[in-house]
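Colleague: Below: one structure in structure tokens.
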Amino acid sequence: MRLGKEAMEALQAEVTGRLLPGDELVVAGPVGLKGTSVIAEVKEQELLKYFSLGFLNSGKNLFENYRVDKEKQSAGDMALQFGATSLYAIGEGGFLSALWKMAEASEVGLSVDLRKVPIRQETIEICEIFDVNPYRLLGTGAFLIGISNGEELASRFRRMGWMAEVIGQTDCGKGRLLYSRENARYLDRPGEDEIKGVIKTWQN
Numbered sequence: 001m002r003l004g005k006e007a008m009e010a011l012q013a014e015v016t017g018r019l020l021p022g023d024e025l026v027v028a029g030p031v032g033l034k035g036t037s038v039i040a041e042v043k044e045q046e047l048l049k050y051f052s053l054g055f056l057n058s059g060k061n062l063f064e065n066y067r068v069d070k071e072k073q074s075a076g077d078m079a080l081q082f083g084a085t086s087l088y089a090i091g092e093g094g095f096l097s098a099l100w101k102m103a104e105a106s107e108v109g110l111s112v113d114l115r116k117v118p119i120r121q122e123t124i125e126i127c128e129i130f131d132v133n134p135y136r137l138l139g140t141g142a143f144l145i146g147i148s149n150g151e152e153l154a155s156r157f158r159r160m161g162w163m164a165e166v167i168g169q170t171d172c173g174k175g176r177l178l179y180s181r182e183n184a185r186y187l188d189r190p191g192e193d194e195i196k197g198v199i200k201t202w203q204n
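Position 157 (the sequence shown) corresponds to 157 in this note's numbering; numbering is contiguous.
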């Protein structure tokens, strides 16, 4: 079901620029950062049954230690200066929400390899405890970028100490496919952020 005119205009206002067919998709910063830090903080006593205090402290500090939007010149600013066609700051709904919004606002298809998406081990393990999809977890601190020369940009980010990878490419079709090893599925419209299933009282 396509968005109406007003809904599309509102969505396009959220996204900087537009993806073009053939753009490479870059994720700068590990996904699920903010959500991991919040869960580790709020659910510390429960998580101590499974992890050491040192591991949990690392989880609580993920947002401050690995976010790429805190620098004087953030990853987003750099990407635009480097020639990015589109940019979105990942937030509520996580990486998959950002991916759907960018593709929908730009009216392009895409294919993405989920195994290439940057993610911290703390996020993976904490999400497993609560049966949370880390790709749908509050992702403030990371960016999704569309650009023609994705690997050059990702390499530049990595030289600065940031996690960054080319995770896929856009096309002129309508299909939006997510791959993980031999499995493939279509990208769904965003749902509720996974953090709300863990912390019932959470509000952004």
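For glycine and all other residues, C-beta sits at the position ideal for the given N, C-alpha and C.
Measure the alpha-carbon distance for Val68 versus Val117 and round it to whole angstroms.
Modeller: As a first step, residue 68 is located in the sequence shown; it is residue number 68 there, counting from the start. As a first step, residue 117 is located in the sequence shown; it is residue number 117 there, counting from the start. Their Cα atoms are separated by approximately 15 Å.
Colleague: Between Leu96 and Phe63, is the Cβ-Cβ spacing less than 7 Å?
Modeller: By 1-based counting over the sequence shown, the position of residue 96 is 96. By 1-based counting over the sequence shown, the position of residue 63 is 63. No, the pair does not count as a contact, with Cβ atoms beyond the cut-off.
Colleague: Quick one: what does DSSP say Tyr50 is sitting in, helix, strand or coil?
Modeller: Numbered from its first residue, the sequence shown carries residue 50 at position 50. If DSSP states are grouped into helix, strand and coil, Tyr50 belongs with coil.
Colleague: If contact is defined by three or more beta carbon pairs under 8 Å, each pair taking one atom from either stretch, is the stretch 8 to 22 in contact with the stretch 100 to 119?
Modeller: They touch, by the three-pair rule.
Colleague: Is the Cβ-Cβ distance between Val42 and Ile199 less than 7 Å?
Modeller: As a working mapping, residue 42 is identified with position 42 in the sequence shown. As a working mapping, residue 199 is identified with position 199 in the sequence shown. With contacts defined as CB atoms closer than 7 Å, Val42 and Ile199 qualify as a contacting pair.
Colleague: Three Cβ pairs or more, each shorter than 8 Å: is that satisfied between the stretch 142 to 156 and the stretch 53 to 63?
Modeller: no
Colleague: Does the beta-carbon of Glu24 have 16 or more other beta-carbons within 10 angstroms, so that it is buried, or is it exposed?
Modeller: As a working mapping, residue 24 is identified with position 24 in the sequence shown. Burial call: buried.
Colleague: Just tell me which of Asp193, Ile145 and Glu122 has its CA closest to the CA of Gly59.
Modeller: Counting from one through the sequence shown, the residue named residue 59 turns up at place 59. For the residues Asp193, Ile145 and Glu122, the minimum Cα distance to Gly59 belongs to Glu122.
Colleague: Exposed or buried, what is Leu48 when buried is set at 16 or more other beta-carbons lying within 10 Å of its beta-carbon?
Modeller: Along the sequence shown, one-based indexing puts residue 48 at 48. Counting C-beta atoms within 10 angstroms of its own C-beta, Leu48 has fewer than 16 neighbours from the protein chains shown and is therefore classed as exposed.
Colleague: Which one of Phe55, Gly146 and Met160 has the shortest CA to CA distance from Ala89?
Modeller: In the sequence shown, residue 89 corresponds to position 89, counting from 1. With distances taken between Cα atoms, Ala89 lies closest to Gly146.
Colleague: Would you check if the stretch 73 to 80 and the stretch 169 to 183 touch, i.e. whether three or more CB-CB distances between them fall below 8 Å?
Modeller: no
Colleague: Residues in the same chain with beta-carbon distance under 6 Å from Leu114, minus the five sequence neighbours each way, listed in chain order, please.
Modeller: In the sequence shown, the residue the question calls residue 114 occupies position 114. Only Leu178 and Ser180 meet the Cβ criterion.
Colleague: Hey, which unbroken runs of the alpha helix (DSSP H) at 4 residues or more fall wholly within the stretch 96 to 146?
Modeller: Qualifying alpha helix (DSSP H) stretches, in chain order: 121 to 129.
Colleague: Tell me whether Ser52 is buried or exposed, calling it buried when 16 or more other Cβ atoms sit within 10 Å of its Cβ.
Modeller: The residue given as residue 52 occupies position 52 in the sequence shown. It is exposed - the Cβ of Ser52 has fewer than 16 other Cβ atoms within 10 Å.
Colleague: Within 10 Å of its beta-carbon, does Thr201 have 16 or more other beta-carbons around it, so buried, or fewer, so exposed?
Modeller: Mapped onto the sequence shown, residue 201 falls at position 201. Classification of Thr201: exposed, given that the 10 Å Cβ count is below 16.
Colleague: Can you say whether Met161 is buried or exposed, counting buried as having 16 or more other CB atoms within 10 angstroms of its CB?
Modeller: Here residue 161 refers to the residue found at position 161 when the sequence shown is read from its first residue. Before going further, note that residue 161 is Gly rather than Met in the sequence given. By the neighbour-count rule (16 or more Cβ atoms within 10 Å), Gly161 is not buried but exposed.
Colleague: What number of angstroms, rounded off, separates the C-alpha of Gly93 from the C-alpha of Gly191?
Modeller: Residue 93 sits at position 93 when you count from the first residue of the sequence shown. Residue 191 sits at position 191 when you count from the first residue of the sequence shown. Cα to Cα, Gly93 sits roughly 7 Å from Gly191.
Colleague: Restricting to Cα atoms, I'd like to know which of Ala10, Gly91 and Lys101 is closest to Gly141.
Modeller: By one-based count along the sequence shown, residue 141 stands at place 141. The residue with the shortest Cα to Cα distance from Gly141 is Gly91.
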